[in-house]
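Residue numbers (our numbering), protein chains in the order written: chain X, 1395 to 1511; chain Z, 1395 to 1511.
Number of protein chains: 2
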Amino acid sequence: MPANECPMDPLLRAVTGRWTTYILWLLANEGPVRFGELMGLMPKISAKVLTDRLRMLEKNGIVLREQKSTIPPEVSYQLTPQGRDLLGALQALNRVAREWERAGWSLDRGFPETAIQ
Amino acid sequence: MPANECPMDPLLRAVTGRWTTYILWLLANEGPVRFGELMGLMPKISAKVLTDRLRMLEKNGIVLREQKSTIPPEVSYQLTPQGRDLLGALQALNRVAREWERAGWSLDRGFPETAIQ
DNA sequence: GTAAGTAATTACCATTTAGTAATCAGTTAC
DNA sequence: GTAACTGATTACTAAATGGTAATTACTTAC
């Protein structure tokens, strides 16, 4: 399967997935944050998914992982310069979302995820 | 489950999903396009998924569906003004993607989709 | 020796999403 | 009467993703 049918697809995929944008948001607003802190800030995320997301963001150069090999270990995450670029671009989306909201629009998606519940 | 943990999440979800951004791209560049034409422009998409995407985009006011009740029917799709807003915001993401590319970055994601093949 | 503390990883199951193939409706052309 | 045309829908299967719970490693404190 061709990786991307659209130039913006790969980047969009890099920030999609449950919790991903929230993680970016938190890292942007809180600066370097430790793993356990992130867990606390997102009461319903699991360690597995948080780890998955951070690994993915790290692999894409969006997030930087720093580890102090103390016992117990201390690991913290922050946005890279690229991550900050990205967040800037995401704000453009956010502005559109807010304009729509102000104009009384709602994104009443047909995704099963929201439709069923 | 809380619908969104992050303000940009709902909008991001509205444009995510395989083929979605490509469809927006095509509608932006080709103007009104008929269903069958879209099928032709995306040789590997299935009618089911194309219909799903168009319905979702329509429900969100991003795409407008127009039907002439002739036999055989003629249905065409185009971006709404909101859809054009959205595409503008997506270009911001695209610009970031291109800058990264120019700088030799690659989004080497851990997604199975790309990792396996 | 056992619990606490941190940052995971693993095995497993449930839910979502994508994809395939068959079918429908209604009219025209053969 | 049967095939062609267009824009779907349906039932079904496969794959991806999300979530839970148990477990690991290493050291300090009790």
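Just so you know, even glycine gets a beta-carbon here, dropped at the ideal spot from N, CA and C.
Computed from a prediction, not measured in an experiment: that's the story for all the values here.
Practice task
Starting from Val-1443(X), trace the alpha helix (DSSP H) both ways and give me its first and last residue.
Solution key: Your numbering for residue 1443(X) matches position 49 in the first sequence. Counting along the chain, the alpha helix (DSSP H) containing Val-1443(X) begins and ends at 1441-1453.
Handout entry: Local Cβ density within 10 Å of Ile-1465(Z), reported as buried at 16 or more and exposed below that
Key = On the second sequence, position 71 is the one that residue 1465(Z) refers to. When all chains shown are included, Ile-1465(Z) counts as exposed.
Problem - Partners in chain X for Met-1402(Z), counting only beta-carbon separations shorter than 7 Å - result: Mapped onto the second sequence, residue 1402(Z) falls at position 8. Residues of chain X passing the Cβ test: Thr-1415, Leu-1484, Leu-1487, Asn-1488, Ala-1491.
Exercise for the section: Find the nearest neighbour of Thr-1414(X) within the set Glu-1431(X), Ala-1497(X), Gly-1482(X), Asp-1446(X), judged by alpha-carbon distance. Expected result: In the first sequence, residue 1414(X) corresponds to position 20, counting from 1. It is Asp-1446(X) whose Cα lies nearest to the Cα of Thr-1414(X).
Handout entry: Under 8 Å from the C-beta of Gly-1425(X): neighbouring residues of chain Z
Key = What you label residue 1425(X) is simply residue 31 of the first sequence in a count that begins at 1. Near Gly-1425(X) there are no residues of chain Z at all, since even the closest Cβ is about 17 Å away, more than 8 Å.
Problem - Collapsed DSSP secondary structure at Val-1490(X) in the structure displayed - result: Along the first sequence, read from residue 1 onward, the residue named residue 1490(X) stands at position 96. Val-1490(X) falls in the helix class under three-state DSSP.
Problem - Secondary structure of Gly-1418(X), DSSP reduced to three states - result: In the first sequence, residue 1418(X) corresponds to position 24, counting from 1. Reading the sequence as shown, one finds Leu at residue 1418(X) and not Gly. Three-state DSSP puts Leu-1418(X) in a helix.
Problem - CB contact below 7 Å: Leu-1480(X) versus chain Z - result: Counting from 1 along the first sequence, the entry for residue 1480(X) is found at position 86. So, interface residue.
Exercise for the section: Would you kindly work out how many angstroms separate the C-alpha atoms of Leu-1435(Z) and Gly-1425(Z), rounded to a whole number? Expected result: Start at 1 with the first residue of the second sequence, and residue 1435(Z) comes out as number 41. Start at 1 with the first residue of the second sequence, and residue 1425(Z) comes out as number 31. About 13 Å.
Handout entry: Cα-Cα separation, Leu-1487(Z) to Asp-1403(X)
Key = In the second sequence, the residue the question calls residue 1487(Z) occupies position 93. In the first sequence, the residue the question calls residue 1403(X) occupies position 9. The alpha-carbon atoms of Leu-1487(Z) and Asp-1403(X) are separated by roughly 10 Å.
Exercise for the section: Drop a sphere of 10 angstroms on the beta-carbon of Gly-1482(X), count the other beta-carbons inside from all chains shown, and report buried for 16 or more, exposed for fewer. Expected result: Taking the first residue of the first sequence as position 1, residue 1482(X) is located at position 88. Looking at its Cβ environment, which holds fewer than 16 other Cβ atoms inside 10 Å, Gly-1482(X) is exposed.
Handout entry: Inter-residue Cα distance where the pair is Gly-1477(X) and Leu-1473(Z)
Key = For the purposes of this step, residue 1477(X) is identified with residue 83 of the first sequence, where counting begins at 1. For the purposes of this step, residue 1473(Z) is identified with residue 79 of the second sequence, where counting begins at 1. Rounded to whole angstroms, Gly-1477(X) to Leu-1473(Z) spans 30 Å at the Cα level.
Practice task
Check the Cβ-Cβ distances between Leu-1405(Z) and every residue of chain X, and say whether any is below 7 Å.
Solution key: Counted from its first residue, the second sequence places residue 1405(Z) at position 11. Chain X, which has a Cβ nearer than 7 Å to the Cβ of Leu-1405(Z), makes this yes.
Exercise for the section: Taking Leu-1432(Z) as part of the beta strand (DSSP E), name the residues at either end of that continuous run. Expected result: The residue you call residue 1432(Z) lines up with position 38 of the second sequence. From DSSP, Leu-1432(Z) is part of no beta strand (DSSP E) but of the alpha helix (DSSP H) over 1429-1435.
Exercise for the section: Rank Leu-1432(Z), Lys-1438(Z), Leu-1480(Z) by C-alpha distance to the C-alpha of Leu-1448(Z) and give the top, closest one. Expected result: Translated into positions along the second sequence, residue 1448(Z) becomes position 54. Cα-wise, what sits closest to Leu-1448(Z) is Leu-1432(Z).
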